[in-house]
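Using our numbering, the letters of the sequence shown correspond one by one to residues 2 to 539. First up is the structure itself, then whatever we jot down about it.
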Amino acid sequence: MNTEILIGFLFYLALLAYIGWWANKYTKTEDQYFVGGRKVHVLAATLSDKASDFSGWLMLGYPGSAFKAGLGAFWAAVGCLFGTLADYVLIGPRLRIYAGKFRAITVPDYLEARLKDDTKMIRILSALIILIFMTAYVAAQFTAGGKTFAEGFGISDNAGIILTVIILTAYVITGGFFAVVWTDVVQAMFMLLTLIIVPFLALAKIGGFDKATQIIAQADPTKLDPFGGATGWAAIIFAIGYASWIVGYLGQPHIVTRYMSVEDPRKLRRPGIFISGTWTIIVLWGAFFAGFLGFAMHQAGMLQVSDPEKVIPAMAVELMPGWLAGFVIAGIISAVMSTADSQLLVASSAIARDFYHKVLGKEVGKKQMVNISRVVVAVVALVGLWFALTGNKVVYEMVATAWGGLAVGFGPILVLSLWWKRVTKEGAIVGMAYGLVSEVILEAKVYGWAFNPDAPGIFGTIGSWFNGVPVFFINFFITLFIIIVVSLFTKPPEDVVKLHEELFKKVPIETGKKSITETRAKSQVENVADFLIERGLA
């Protein structure tokens with residue numbers, strides 16, 4: 002069985018190697034390495050966005066949560082879907098327009114230029130937020146890869162982690178952003194197929210959905226309750242706890258960088274939302290039901306699962322021929338690699354470009370910058386490897402912790418800077434500093450990834466109010482409030498306000514070139530993009 006699985010997986014690995022080799026031909030400059038020269042097709046950018054988003058959390062963490070919590074875990078899918086839509090409405094088009102105007106390659110590039118920060122503090126804070134939480138995020142992906150290899154090939158989790166690190170780091174160093182994007186496209190399709198096939202095979206094995214719910218009801222009736230058996234305020238908190246992923250989407254650098262790379266900001270609306278939304282609905286449905294039905298199989302004695310987060314690879318090995326299970330294992334590794342590669346790239350840009358080049362002022366050639374970035378990728382990967390080998394190895398919680406730090410650090414300031422002309426660099430600096438410090442203290446020292454009533458003193462009281470809600474959800478709105486208050490007490494430069502008004506002013510309807518009906522058929526963002534492109538502003 003393991004030999005057949007290995008054959009299927011090696012075929013997939015060969016495909017990734019070819020893409021990395023091909024992409025290397027187009028990776029000669031810093032701009033190409035980090036954002037693909039800003040010429041990535043919207044289909045590739047959109048699929049890459051979702052593949053880099055849905056990580057090992059989708060293929061291991063979320064099915065494991067559905068395995069343990071039952072129907073209540075479906076709220077997480079609701080949060081992820083609406084978070085995806087929020088990204089395309091609130092972040093994508095406007096960030097691409099601003100990034101094109103400033104020639105910004107990274108999120109810190111954009112924030113520094115948008116807020117006219119000559120102190121370098123925004124760039125320094127951005128680099129710290131990225132390094133701390135992105136390294137933790139990479140470690141979560143390595144852990145997910147290790148679990149998948151362990152279940153598929155019968156090796157230890159730690160051996161699987163090391164194997165994941167070697168494969169992933171090699172092709173990121175080789176190909177940069179083009180390799181990441183186009184391998185993400187392949188990986189997105191692998192993930193899609195896996196999460197369609199596995200639940201249907203499980204249904205066939207069990208004998209239908211009614212049989213599955215009957216088995217689950219006998220084992221634990223609360224798993225069939227959408228609120229986990231909670232009522233009143235506790236039910237609301239239960240739903241918020243799972244759906245809170247929604248706010249995190251607004252602050253993930255490895256996701257929003259995709260919007261900065263797309264060739265045409267106008268396509269981030271209708272085509273982008275349709276492609277991304279459709280893909281997201283299908284894979285979340287599949288991941289949830291894989292875990293939900295996996296629990297039924299486990300209770301019926303049809304499946305042996307040592308760790309709930311290994312339920313999908315265990316189902317693949319149990320339900321499929323060896324060679325096909327190899328492709329499914331490859332699909333799971335795809336989810337892991339498609340996020341970790343993006344995170345390694347963002348982390349390397351934080352050190353090589355944002356700190357070494359921009360803050361320290363070290364002047365190096367474009368070719369040298371790419372080489373430095375590749376060295377940094379290797380170093381960050383080694384640090385992530387250490388965290389993966391020594392951490393708690395619970396993917397859901399590891400991802401939630403890292404996701405939260407990035408959400409609080411970047412989400413509020415990104416939204417405000419794109420939609421509010423009055424936001425100031427002082428507000429950004431205070432808000433980002435608070436987000437960084439508070440997330441490290443609250444998640445690392447006090448609560449862990451979610452509020453709990455066992456924390457000391459006043460924190461225990463707060464934990465009893467929001468028990469089970471991720472820390473980042475509440476902290477996101479606190480940071481948003483802090484930035485607004487500080488910005489109201491300070492004043493942005495007039496040219497910054499004027500530029501924001503110019504880029505996003507209402508565009509008059511020109512009936513000479515096109516009819517009123519044709520113009521109004523487009524969203525305001527699309528009309529603004531037309532206006533800017535015609536005048537060479539984006």
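Don't be surprised by glycine CBs; every beta carbon is placed ideally from N, CA and C. These numbers come from a predicted model, not from an experiment.
Report all residues from its chain with a CB closer than 7 angstroms to the CB of Ala429; omit the five preceding and five following residues, and keep chain order. Your numbering for residue 429 matches position 428 in the sequence shown. Excluding positions up to five away in sequence, the list reads Leu112, Leu116, Ile123, Ile414 and Ile484.
So Thr462 is in the alpha helix (DSSP H); what residue range does that whole segment cover? Within the sequence shown, residue 462 is the residue found at index 461, counting from 1. Element bounds for Thr462: Gly458 to Trp466.
At least 3 beta-carbon pairs within less than 8 angstroms: the segment 143-155 vs the segment 312-323: yes
With DSSP collapsed to three states, give me the class of Pro550. Outside the shown range of the chain, which is 2 to 539, sits residue 550, and nothing can be said about it.
For Ala105, the three-state DSSP class (helix, strand or coil): Here residue 105 is taken as the residue at index 104 of the sequence shown, counted from 1. Reduced to three states, the DSSP call for Ala105 is coil.
Which residue from Ala78, Ser307 and Leu164 puts its Cα closest to that of Ala240? Within the sequence shown, the letter at position 239 stands for residue 240. It is Ala78.
By alpha-carbon positions, which one of Ile247, Lys212, Leu386 and Thr195 ends up nearest to Ala408? Position 407 of the sequence shown, counting from 1, holds the residue named residue 408. Of the candidates Ile247, Lys212, Leu386 and Thr195, the one whose C-alpha sits nearest the C-alpha of Ala408 is Ile247.
Along the chain, where does the alpha helix (DSSP H) that runs through Lys69 open and close? Within the sequence shown, the letter at position 68 stands for residue 69. That run of the alpha helix (DSSP H) goes Tyr63 to Ala70.
Taking DSSP's pairing of strands, which residues face Ala451 in a bridge? Taking the sequence shown and counting its residues from 1, the one referred to as residue 451 is at position 450. According to DSSP, Ala451 bridges with Pro471.
Would the segment 435-454 count as touching the segment 465-478 if we require 3 or more Cβ pairs under 8 angstroms? yes
Smallest Cα separation from Thr136: which of Ala389, Asp221 and Phe328? Numbered from 1 along the sequence shown, position 135 holds the residue referred to as residue 136. Thr136 has its Cα closest to that of Ala389, out of Ala389, Asp221 and Phe328.
Return the chain-ordered list of same chain residues with a C-beta closer than 6 angstroms to the C-beta of Tyr13, the five sequence neighbours on each side being excluded. Translated into positions along the sequence shown, residue 13 becomes position 12. So the qualifying residues of the chain are Ala331.
Endpoints, alpha helix (DSSP H) assigned at Phe505: By 1-based counting over the sequence shown, the position of residue 505 is 504. Per DSSP, Phe505 belongs to no alpha helix (DSSP H) and is neither H nor E.
Secondary structure of Asp88, DSSP reduced to three states: Looking up residue 88 in the sequence shown gives position 87. Asp88 falls in the helix class under three-state DSSP.
Just to confirm before moving on: does the CB-CB distance between Lys212 and Ala291 stay below 9 angstroms? Taking the sequence shown and counting its residues from 1, one reaches residue 212 at position 211. Taking the sequence shown and counting its residues from 1, one reaches residue 291 at position 290. Cβ distance not < 9 angstroms, so Lys212 and Ala291 don't count as in contact.
Quick one: using the 10 Å Cβ neighbour count with 16 as the cut-off for buried, is Asn393 buried or exposed? Your numbering for residue 393 matches position 392 in the sequence shown. Asn393 is exposed by the Cβ-count criterion.
Alpha-carbon spacing of Arg423 relative to Phe477, whole angstroms: Working through the sequence shown from its first residue, we reach residue 423 at position 422. Working through the sequence shown from its first residue, we reach residue 477 at position 476. Each residue's Cα considered, the two are about 20 angstroms apart.
Are at least three pairs of beta-carbons, each pair with one atom in the segment 397-406 and one in the segment 129-146, less than 8 angstroms apart? yes
May I ask which residues mark the beginning and end of the alpha helix (DSSP H) holding Ser418? On the sequence shown, residue 418 is found 417 positions in, with the first residue counted as 1. Unbroken alpha helix (DSSP H) run through Ser418: Val396 to Trp420.
Would you list, in sequence order, the uninterrupted alpha helix (DSSP H) runs of no fewer than 4 residues that lie entirely inside the segment 162-248? 210-220 and 234-244
With three or more C-beta pairs closer than 8 angstroms as the rule, is the segment 78-94 touching the segment 243-259? yes
Is the segment 271-289 close to the segment 86-96, with three or more CB pairs under 8 angstroms? yes
Tell me the rounded alpha-carbon separation between Phe143 and Val263. Residue 143 sits at position 142 when you count from the first residue of the sequence shown. Residue 263 sits at position 262 when you count from the first residue of the sequence shown. Approximately 28 angstroms between the Cα atoms of the pair.
My guess is that Gly65 and Tyr397 are in contact by the Cβ rule of under 8 angstroms, so how many angstroms apart are they, rounded? Taking the sequence shown and counting its residues from 1, one reaches residue 65 at position 64. Taking the sequence shown and counting its residues from 1, one reaches residue 397 at position 396. Indeed they touch by this definition, with Cβ atoms about 6 angstroms apart.
Grouping DSSP H, G and I as helix and E and B as strand, with all else coil, what is Thr491? Walking along the sequence shown from the start, residue 491 turns up at place 490. Note: Thr491 maps to coil in three-state DSSP.
Please state if the CB of Ser350 and the CB of Thr107 are separated by a distance shorter than 9 angstroms. Here residue 107 refers to the residue found at position 106 of the sequence shown. Here residue 350 refers to the residue found at position 349 of the sequence shown. Going by C-beta atoms, Thr107 is nearer than 9 angstroms to Ser350.
Take Gly464 and list the residues in its own chain whose beta-carbon comes closer than 8 angstroms to its own, dropping the five residues that flank it on each side. For the purposes of this step, residue 464 is identified with residue 463 of the sequence shown, where counting begins at 1. Once the five neighbours on either side are set aside, the close Cβ partners of Gly464 are Tyr448, Phe452, Asn453, Pro454, Asp455 and Ala456.
Neighbour flag for Leu346 against chain B, beta carbons, 9 angstroms: Among the protein chains of the structure shown there is no chain B, as only one such chain exists.
With DSSP run on the structure shown, which of helix, strand or coil describes Val253? Against the sequence shown, residue 253 aligns to sequence position 252. A small correction: the amino acid at residue 253 is Gln; Val does not occupy that position in the sequence shown. Of the three classes helix, strand and coil, the one that applies to Gln253 here is coil, per DSSP.
So, for Val337: in the same chain, excluding its five sequence neighbours on each side, which residues have a beta-carbon less than 6 angstroms away from its beta-carbon? To locate residue 337, count along the sequence shown from 1; it is residue 336. Answer for Val337: Gly57, Gln142, Ala145 and Gly146, listed in chain order.
Start and end of the alpha helix (DSSP H) containing Ala150? Looking up residue 150 in the sequence shown gives position 149. Here the sequence assigns Phe to residue 150, which means Ala is not the residue at that position. Unbroken alpha helix (DSSP H) run through Phe150: Met122 to Phe154.
Using the beta-carbon count (16 or more within 10 Å), is Val486 buried or exposed? Numbered from its first residue, the sequence shown carries residue 486 at position 485. With fewer than 16 other Cβ atoms within 10 Å, it is exposed.
Do you know how far the Cα of Phe55 is from the Cα of Arg267? The sequence position of residue 267 within the sequence shown is 266, counting from 1. The sequence position of residue 55 within the sequence shown is 54, counting from 1. Spanning the two alpha carbons is a distance of roughly 24 angstroms.
Endpoints, the alpha helix (DSSP H) within which Ile430 is located: The residue you call residue 430 lines up with position 429 of the sequence shown. Segment Lys426 to Glu440, the alpha helix (DSSP H) holding Ile430.
Hey, is Asp308 close to the ligand NAD, as in C-beta under 8 angstroms from one of its heavy atoms? Inclusion of the ligand NAD in the displayed structure is not the case, the ligand content being empty and no account of it being possible.
Cβ contact (3+ pairs, closer than 8 angstroms) linking the segment 436-448 and the segment 368-383: no
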